[in-house]
Amino acid sequence: MEPTPEQSPHHAYPDHWEADVVLRDGGTARIRPITTDDAERLVSFYEQVSDESKYYRFFAPYPRLSDRDVHRFTHHDYVDRVGLAVTIGGEFIGTVRYDRINDQGRPASAPADEAEVAFLVQDAHQGRGVASALLEHIAAVARERGIRRFAAEVLPANNKMIKVFRDGGYTQRRSFEDGSVHLTLDLEPTEKSLAVQRGREQRAEARSVQRLLAPGSVAVIGTGRTPGGVGRTVLRNLLAAGYTGRTYAVNRAFDERLTTLDGVPAHRSLGEIGEQVDLAVIAVPAHRVPEAVADCGEHGVQGLVVLSAGYAERGAEGRELQRELVRQARSYGMRIIGPNAFGIINTAESVRLNASLAPESPARGRIGLFTQSGAIGIALLSGLHRRGAGLSSFISAGNRADVSGNDFLQYSFEDPDTDVALLYLESLGNPRKFTRLARRTAAVKPVVVVKGARHSGSTPPGHAVPVSRIPDATVSALMRQAGVIRVDTVTEMVDAGLLLAGQPLPAGPRVAILGNSESLGLLTYDACLAEGLRPRPPIDLTTAASPQDFRDALAEALADGTCDAVIVTAIPWVGENGEAETGDGQVLATALHKAVAGGAAKPVAVVHVEIGGLAEALAAASSTAALGPRTVTPAADRTRAATSSSTAPVPGSDAPAAPKASSAPAPAPGAPAAPQASPTRATPGAPEASSAAEAATGHGPGRIPAYPAAERAVRALAEAVKYAQWRRQAAVPGKIPEFLDDTIDEPGAAALIEAQLATAPDPRGRPLTHDEARELLGRYGIAVRPTLPAPDPEAAVAAAARLGYPVALKTTAPHLRHRADLGGVRLDVADEEALRRAYGELTDLLGKPAELLPVVQAMAPRGVDTVVRASIDAAAGAVLSFGLAGAPSELLGDTAHRLVPATDRDAAELIRSIRAAPVLFGWRGSAPVDTAALEELLLRLSRLVDDHPEVVSVALEPVVVAPHGLTVLGASVRLAPPPARNDLGPRRLPNY
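Counting from 1, position 279 in the sequence shown corresponds to residue 505 in the working numbering; the numbering is continuous, with no gaps.
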């Protein structure tokens, strides 16, 4: 919306204040600045507000707005006077306004930093969180315009408005003056205000997905008159699944005499239905979708599933059509799954929704599944069905123009029917937010992710997302930091999901292996070692083992306190005639279920080779067992395997429910995990299941996942082990040591950065010189060993005399930097004679001094050469990296990464997570280096880039870590205006 000529030309219309938001009930609305074109909308809005609300706003009866009022409330300079409106369908449902005031409460301009604020919300929309959303956005606008405080006068009876201010989380002061409550809010964000904002965001976005997955009524728009076609297929699937709500078939081409289709009411438009429709499934050609969306919006539909193709997957023109589709839907308060979607499924008994193209609705289960690809969705549904796994919910988002994996995480976090969240993602629209949500969700239930399009170097067709420059290996490391179980294939995702949904988390990496095949046991043993587990020698029950032998051996392993998980291997029995008997799967499954039912809560997996009926029998409990009384610790509560008590999250905060645990530093690589006791698996009072059929009634043990190959079972178990370890550590968050505050000069660093950027001719920033980088890093307690230029031998001798022998002579030319293997470095130069000789050798070998740019530096104590880096990616945020200098990091890619800000635990894990970490801890008899000093350096660098986002790149190389202390020999720093953050500020939906 453009400003009119009447508005101040000095302050153009601030379109960046426009935002789509999700309200408390899951509906959407648009927030935008009020303009002079809004006079009629304002008057219409005011007429729909009750007399009581008007009285609360103006402290007196105020039945109508005068022309002067309308002019005042629609003319703003967007600096000292600002008005925002919340709109649905183009009409106002709420407004907020601030006016800058001075100390006497009179109108003022900058530098006055206080403003009076007032709200008005239509009575029909009160309770939806409209005022809370407006407060977030008007506060952000005010801060942008230099306003630091809001003042508000509220009548004591206006409890709703007082609550909005009180619950915002801002620091506030309150007094009672002249019959009204005077409130003053400091607008500087606080931890509490951010937690409140994110808590509201979570509840609203979760509710928006819940409205899509549990509608009271569904209309399929574009249902064909004859069998076949997308719309008719969806209608058939809805009916076949036994959807519990009302269903309608809609097609404008229906004959007027047609009243029913496949047993449901048939209509030419939504207006003919005459009842509320919650969800519309749109299956019409793309050029007819806008008409269908308008019909839905005008008749109060809450959400859309758009199956129609022909959007961003077709190129630039289609992408613009897709954006217009989203704008249109959100203008009516609706959210969209799609376009080009496969559909949605909810298996809850109270819903039984299959609004998808999947011909068969999956069984009920504890797994939630989100996919951005219809083809992958089909494969995953088929794979889970074959292996007897049930789903709680399924969303195939297609082009993911609106509802995304982030929304699915918000929903899964609080969904009581979901124990494990599986996501197939081809792009991350908001990586910072994804990491934050994944960390919170993973603290209470597993999140398993397959990331497609990892190496294509381009965005998948149909997806419009920010481009990230960080490599896929870094993305994987950051997901691991957030507790995400990232796997490479959809098969691995199903394997891990089955184990996590049906079995408790392991307390450690110790694995017992038992079975009737020595060879299969050895294969499993080798696979465990390859995955970093600690297997015990396999127990060979011999090929003569009976199901009872399996039961006894499994029961004994579960009771053994020296193992944390059990893998059972099985091959067919050989009969007396020498032929394999493959019909004993049911009997063996029953025996294993009985052993598990009475054993300790340890994960059990089965590796089998061609045993007929075994996988099906083991899975028989999965389809329904999880739906009755649970006998296996669910994923959301499995931390009982490590601790017996838990703590609840702070309401509205990001802090998840997590088990209590003692804080301890990360162990050195290879250090054994402390053994932990496991509780009994069976629910107290639950009868022992006597058969797999009995287990299927919901009163027996949970499903036991079966795998056709040892490697697949072991890989799934290894992921569960790593996730369980992350859960235990995440129970007590790491800290940033307080001692850093006493040795950091944040204001001094800020002044240096401001001065350097002010002189930068390039708006993209500039690299700092060596001395400038040393000064800036020094403000954060990072000492860089000085280097002195040596353009000729005499200068080199003078520099050495100043620094003191022994010294190092190094070239700094870009093609020779950090390349000691090319002969550009001379170490331990003891005296002047040796220095002159080294200088001559250097120039004779590599070129003239002007080309080599030689420098002299005092020698550092011997140690391990490492490299520490920090960089800011516009999409993912600030990333801290560590590795050994040279070939390990540059050739082998052995580098670890963590998101900034890093805690003491992050720093400890960072240096221990590289494959070459043993070199730091005394490998092959060498002296261990000072890892504590290295961790401190990482924390200081993390603080620097976190405090000053203008520091977009830092490389400390090499950092020589000695047995006592470390030395930073080289540093490069680049400053630039910080990239825009899409995870800060008030809540808003992304626009792709």
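Glycine included, every Cβ here is placed at the ideal spot set by N, Cα and C.
Because the structure is a prediction, the values reported are computed rather than measured.
To the nearest angstrom, report how far apart residue i and residue j are at their CA atoms.
i: Thr-750; j: Leu-649; result: 28 Å
i: Asp-721; j: Tyr-949; result: 15 Å
i: Glu-1058; j: Gly-1066; result: 12 Å
i: Ala-245; j: Gly-320; result: 14 Å
i: Gly-315; j: Arg-553; result: 11 Å
i: Ala-1202; j: Glu-980; result: 10 Å
i: Leu-1035; j: Ala-1159; result: 26 Å
i: Arg-1063; j: Ser-653; result: 57 Å
i: Leu-530; j: Pro-415; result: 35 Å
i: Pro-240; j: Thr-1069; result: 60 Å
i: Pro-764; j: Asp-752; result: 10 Å
i: Ala-647; j: Leu-617; result: 10 Å
i: Pro-973; j: Leu-1002; result: 11 Å
i: Met-560; j: Tyr-637; result: 17 Å
i: Ser-702; j: Thr-667; result: 17 Å
Identify which residue in the options has its Cα closest to the Cα of residue i.
i: Met-387; options: Ala-334, Ser-638, Ser-358; result: Ser-358
i: Gly-500; options: Arg-472, Ala-479, Ile-508; result: Arg-472
i: Gln-348; options: Glu-362, Asp-295, Leu-268, Tyr-537; result: Leu-268
i: Lys-820; options: Val-835, Leu-784, Leu-1201; result: Leu-784
i: Gly-253; options: Gly-468, His-351, Val-1055, Ala-338; result: His-351
i: Ala-368; options: Leu-704, Val-380, Ala-336; result: Ala-336
i: Glu-1172; options: Gly-1196, Ala-975, Glu-340, Pro-987; result: First, the residue type needs correcting, since residue 1172 is Asp and not Glu in the sequence shown. Taking only the C-alpha atoms, the option nearest Asp-1172 is Ala-975.
i: Tyr-558; options: Gly-526, Ala-946, Ala-1026, Ala-383; result: Gly-526
i: Ser-401; options: Leu-411, Gly-455, Val-822; result: Leu-411
i: Lys-677; options: Leu-1014, Pro-697, Arg-665; result: Pro-697
i: Val-1177; options: Trp-243, Tyr-304, Pro-1204; result: Pro-1204
i: Arg-429; options: Val-247, Ala-1060, Leu-1079; result: Val-247
i: Val-356; options: Ala-255, Leu-409, Ala-421, Gly-405; result: Ala-255
Could you tell me whether the Cβ of residue i comes closer than 8 Å to any Cβ of chain D?
i: Gly-526; result: No chain D appears in this structure, which consists of one protein chain only.
Reducing DSSP to helix, strand and coil, say where residue i ends up.
i: Leu-439; result: helix
i: Phe-568; result: coil
i: Phe-284; result: helix
i: Ser-534; result: coil
i: Asp-1130; result: helix
i: Gly-529; result: strand
i: His-408; result: strand
i: Gly-723; result: helix
i: Arg-472; result: strand
i: Ala-1227; result: Only positions 227 to 1218 of the chain appear in the structure, and residue 1227 is not among them; the question remains open.
i: Tyr-396; result: coil
i: Gln-1083; result: strand
i: Ile-364; result: helix
i: Ile-930; result: coil
i: Gly-523; result: helix
With a threshold of 16 other CB atoms inside 10 Å of the CB of residue i, please say whether the residue is buried or exposed.
i: Phe-284; result: exposed
i: Trp-952; result: buried
i: Gln-502; result: exposed
i: Ser-169; result: There is simply no residue 169 to check, as the chain begins at 227 and stops at 1218 in what is shown.
i: Gly-825; result: buried
i: Pro-565; result: buried
i: Leu-1042; result: buried
i: Glu-431; result: buried
i: Trp-799; result: buried
i: Asn-632; result: buried
i: Ala-1122; result: buried
Quiz item: Between the stretch 594-605 and the stretch 514-524, are three or more C-beta pairs nearer than 8 Å?
Solution: no
Quiz item: With contact counted as at least three CB pairs below 8 Å, one residue from each stretch, are the stretch 1066-1086 and the stretch 1022-1034 in contact?
Solution: yes
Exercise. May I ask you to verify whether the stretch 1157-1168 touches the stretch 1091-1107, counting CB pairs closer than 8 Å and requiring at least 3?
Key: yes
Practice problem: Determine, using beta-carbon pairs with one atom in the stretch 276-283 and one in the stretch 242-262, whether at least three such pairs fall under 8 Å. | Solution: no
Quiz item: Hey, is the stretch 414-428 in contact with the stretch 483-493, meaning 3+ C-beta pairs nearer than 8 Å?
Solution: no
Exercise. Check whether the stretch 704-720 touches the stretch 620-631, counting contact only when three or more Cβ pairs, one atom from each stretch, lie closer than 8 Å.
Key: no
Quiz item: Within the chosen definition, does the stretch 431-446 reach the stretch 565-582 through at least 3 CB pairs nearer than 8 Å?
Solution: yes
Self-check item: Stretch pair the stretch 768-787 + the stretch 939-946: three plus CB contacts closer than 8 Å
Solution: no
Quiz prompt | Validate contact between the stretch 757-769 and the stretch 733-745 using beta carbons, cut 8 Å, 3 pairs | solution = yes
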